[in-house]
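Chains as they are written, first to last, in my numbering: chain A, 6 to 315; chain B, 4 to 356.
Virtual Cβ for every residue (Gly too), placed ideally from N, Cα, C.
Below you'll find the structure, written out as structure tokens, and then a few comments.
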């Protein structure tokens with residue numbers, strides 16, 4: 006400890022943690038909501054990491070060239086749709102392994118982003134401006150912690166919308182039936198492949214926007230080490246949240262807080278356990294999977310068509 | 004008549020490679036680059052001289068091992084993403100166990116086998132855990148092995164920056180260097196390290212195991228139909244865990260050679276993505292241990308020519324990543340062609356309605 010006053014340093018950690026959790030969780034939230042929607046339709050997309058990285062790069066490039074960060078966000082969502090449609094189209098072919106297709110798209114998305122992203126590592130693009138929610142406070146730490154990006158609120162609204170859509174609309178019912186039993190969906194006259202294609206495209210769009218947050222808000226620049234596997238971790242996060250969009254928000258905040266704990270402890274000079282806190286979400290998710298794998302209540306919540314459930 | 008299934012499993016991946024090459028050629032043309040120059044540079048950088056062949060084989064060695072690490076569990080029906088983690092944690096185990104042995108001045112004839120065994124054992128336990136969880140707890144092996152990979156990388160980063168850090172490694176935290184006396188050199192005066200020999204040996208041994216022994220038969224039967232295998236009284240659980248452990252041991256060997264032949268100490272360079280490229284290698288090889296070898300050499304050659312392509316064509320180093328991504332996707336699309344090639348399945352064409 007470098008600080009003499011333990012309470013003051015605890016507060017510094019606390020504020021850094023809150024701010025960090027909000028910042029770190031936003032990309033998690035978008036990718037997780039996208040993955041959740043895709044998995045609800047009975048398909049898994051392990052390739053959202055590729056959407057995230059390509060979205061980050063395209064978002065940054067468009068923001069730089071157009072001067073508008075929001076145009077970058079839109080472009081990132083657009084490229085996410087393209088990858089999602091491609092994934093959905095390939096997976097509807099017979100005998101194709103959806104997990105492997107996801108891995109392939111992760112590779113292609115990352116490769117394309119690194120290939121076309123080289124010229125954008127140096128220049129500085131316009132970022133998304135944050136909302137200063139901490140303006141009421143005199144403390145610079147509070148002000149800094151509560152600089153919240155509008156995308157975070159959009160993510161929350163989206164989570165509530167998805168939860169409502171899945172629970173109480175006709176579209177939500179169609180997606181859930183498709184995810185629980187393709188045979189029943191077909192009997193209802195639902196185009197199973199079409200629903201999954203749309204769900205994968207929408208999920209891909211959200212993951213692309215999550216990537217735009219990485220390059221246009223926090224950390225707020227484009228480089229090849231930008232993502233530390235958030236796209237893959239989101240798959241675990243959705244299992245952790247048991248396919249509920251509202252719980253995805255909580256899970257994303259929790260994962261974000263775990264990721265922010267190491268750096269915020271470092272801010273008061275505690276560097277021990279940095280990697281442990283980074284690994285904590287994985288360990289907890291594995292623990293939850295082990296605990297819930299054979300439980301009845303978990304089985305009810307999982308889409309039964311999902312290849313990782315069978 | 005030649006076995007159509009064998010013919011298919013050669014023709015379709017080759018066709019996929021050709022189609023990927025065409026797509027990549029269009030990609031290059033769209034960027035105003037010449038596909039012919041690219042091809043000739045890959046030839047120069049990967050195959051044309053003894054120097055480039057050595058460079059290709061050097062890079063192929065870990066890919067053979069991680070390709071096997073995906074292919075063996077795939078035969079029993081498991082999609083394991085744990086090879087990357089096993090390379091990292093196995094490599095670290097080798098580096099860590101070497102510290103006291105090197106300190107005691109023991110001969111390499113003792114140090115190397117102990118390091119290799121440590122890497123194999125740790126890798127086998129790590130990936131075997133995913134198999135055990137699959138059978139005994141019903142946890143999906145794809146997700147659990149992915150999580151185990153991240154956990155392995157985090158544990159190793161923690162140990163390398165903490166208790167096992169060599170105080171001399173200022174900028175890049177690493178374990179204590181092995182020292183030049185304990186580095187594995189090239190085979191027969193070449194620059195290709197012995198990891199290639201280990202890969203070839205393991206590929207041959209695992210082909211025999213999977214194709215010619217009761218164990219392999221039982222494993223393939225389990226992969227074909229789990230319920231039927233259980234009904235026949237096969238020890239499904241033990242088979243699953245054994246296949247995962249074999250995979251982990253293969254990846255561990257890759258980690259051992261990364262330490263003993265390439266880096267000389269464990270650091271962040273261990274997580275170089277060999278585990279993930281190995282997945283592509285295994286898919287292209289149709290999960291056949293023998294076919295893994297030429298496919299790994301092909302990707303080793305592509306990787307070896309990457310620098311040349313970068314310099315001569317002024318293209319970024321990610322070019323090879325794009326090419327790999329295209330190959331992987333086209334290959335998976337080609338999976339849908341099995342049993343549907345009209346010239347190989349003449350009697351099927353009219354039967355569908």
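Asked, Found
"Beta carbon of residue 226 of chain B nearer than 8 Å to that of residue 78 of chain B", "yes"
"Those runs of the beta strand (DSSP E) which lie wholly inside the stretch 196-267 of chain B and span at least 3 residues", "none"
"Euclidean distance between Cα positions of residue 155 of chain A and residue 162 of chain A", "11 Å"
"Exposure label - residue 289 of chain B; buried when at least 16 CB within 10 Å", "buried"
"Any chain A beta carbon closer than 8 Å to residue 299 of chain B", "no"
"Given 8 Å, three or more beta-carbon pairs between the stretch 100-117 of chain A and the stretch 42-52 of chain A", "yes"
"Which of helix, strand or coil DSSP assigns to residue 271 of chain A", "helix"
"Through-space distance from residue 237 of chain A to residue 263 of chain A, alpha-carbon basis", "16 Å"
"Cross-chain neighbours of residue 99 of chain A in chain B, by beta carbon under 7 Å", "339"
"Sub-8 Å separation of residue 209 of chain A and residue 88 of chain A beta-carbons", "yes"
"Contact list for the stretch 306-336 of chain B against chain A, Cβ threshold 7 Å", "319, 321, 322, 324, 325, 327, 328, 329, 331, 332, 335, 336"
"Cutoff 8 Å: residue 309 of chain A Cβ touching any chain B Cβ", "no"
"Inter-residue Cα distance where the pair is residue 311 of chain A and residue 188 of chain A", "14 Å"
"Reduced DSSP secondary structure (H/G/I, E/B, other) of residue 137 of chain A", "strand"
"Inter-stretch contact (C-beta, 8 Å, three-pair minimum) for the stretch 238-257 of chain B and the stretch 33-47 of chain B", "no"
"Exposed unless 16 or more other CB atoms sit within 10 angstroms - verdict on residue 10 of chain A", "exposed"
"Proximity winner among A/285, A/148, A/309, A/159, relative to residue 24 of chain A (alpha-carbon distances)", "A/148"
"C-beta neighbour in chain B for residue 246 of chain A, strict 8 Å", "no"
"Residue 123 of chain A: contacting residues in chain B (beta-carbon distance under 8 Å)", "319, 321"
"Residue 108 of chain B burial status per 10 Å Cβ neighbour count (16 or more: buried)", "exposed"
"Assigned exposure category for residue 25 of chain B - 16 Cβ within 10 Å defines buried", "exposed"
"Other residues of its chain near residue 272 of chain B: CB distance less than 7 Å, five sequence neighbours each side excluded", "266"
"Near-chain B residues of the stretch 103-118 of chain A (beta-carbon distance less than 9 Å), N- to C-terminal order", "104, 105, 106, 108, 109, 110, 111, 112, 113, 114, 115, 116, 117, 118"
"First and last residue of the uninterrupted alpha helix (DSSP H) at residue 30 of chain B", "7-33"
"Buried or exposed by the 16-neighbour rule on C-beta atoms within 10 Å, applied to residue 360 of chain B", "Outside the modelled stretch of chain B, which goes from 4 to 356, sits residue 360 of chain B, for which no answer is possible."
"Whether residue 1 of chain B touches residue 332 of chain B by CB criterion (8 Å)", "For chain B, the structure presents residues 4 to 356; residue 1 of chain B sits outside this window and is missing."
"Same chain, Cβ closer than 7 Å to residue 200 of chain A, five either side skipped, listed in chain order", "46, 179, 180, 183"
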